[in-house]
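Reading the sequence shown from the start, the letters are residues 1 to 129 in full-length UniProt numbering. Scroll down for the structure; my scribbles are underneath it.
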Amino acid sequence: MRYPIAIEPGTDTRAFGVVVPDLPGCFSAGDTLDEAMSGAEEAAAAWIDAALDAGESIPAPSGLEALRTNPEYAGWMIGVITLDPALLDDTIERVNITLPRRVLRRLDALAQAAGESRSGYIAHLTLEN
1 MRYPIAIEPG
11 TDTRAFGVVV
21 PDLPGCFSAG
31 DTLDEAMSGA
41 EEAAAAWIDA
51 ALDAGESIPA
61 PSGLEALRTN
71 PEYAGWMIGV
81 ITLDPALLDD
91 TIERVNITLP
101 RRVLRRLDAL
111 AQAAGESRSG
121 YIAHLTLEN
């Protein structure tokens, strides 16, 4: 998945700023262009993750031309960030983990107390943090 970004040029005293216009409120900054772009990828991934957790839909990436001709970003550099499509993939995948028996017993007890399956409980704990 490639999202267009607008990059506000930095100076010796001001960091580079990056916005992802398709993801409202998603932005990053960095002292170098590389830092700013890397931060934008992290910010976009976090934005998408939070939106999915909240049950919101994820906007499709717009085209570069629309961003390039947007007067709001006149004088800014235009680029793209690439995000792992797995961010949007809720396909159930079977995994094999190894745990000590005492840990597994405790996990099962906690899952049962929460009214969840072992897998559901692990997923719940992971998404909660």
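Yeah, the Cβ is synthetic: ideal placement off N, Cα and C, and Gly gets one too.
Taken in chain order, the unbroken stretches of alpha helix (DSSP H) that lie wholly in the segment 9-90 and span 4 residues or more are 33-53, 64-68. Counting C-beta pairs with one atom in each stretch, the segment 3-19 and the segment 78-88 have three or more that are closer than 8 Å, which means they touch. Shortest Cα-Cα distance from G39 to any of G17, A123, I48 involves G17.
Pairing A54 with A15, the inter-Cα distance amounts to about 31 Å.
Sequence-distant Cβ neighbours of L67 in its own chain, meaning closer than 7 Å and more than five residues away, are P4, A6, P21, Y73, I78. Judged by pairs of C-beta atoms under 8 Å, the segment 95-107 does not touch the segment 32-46, as fewer than three such pairs exist.
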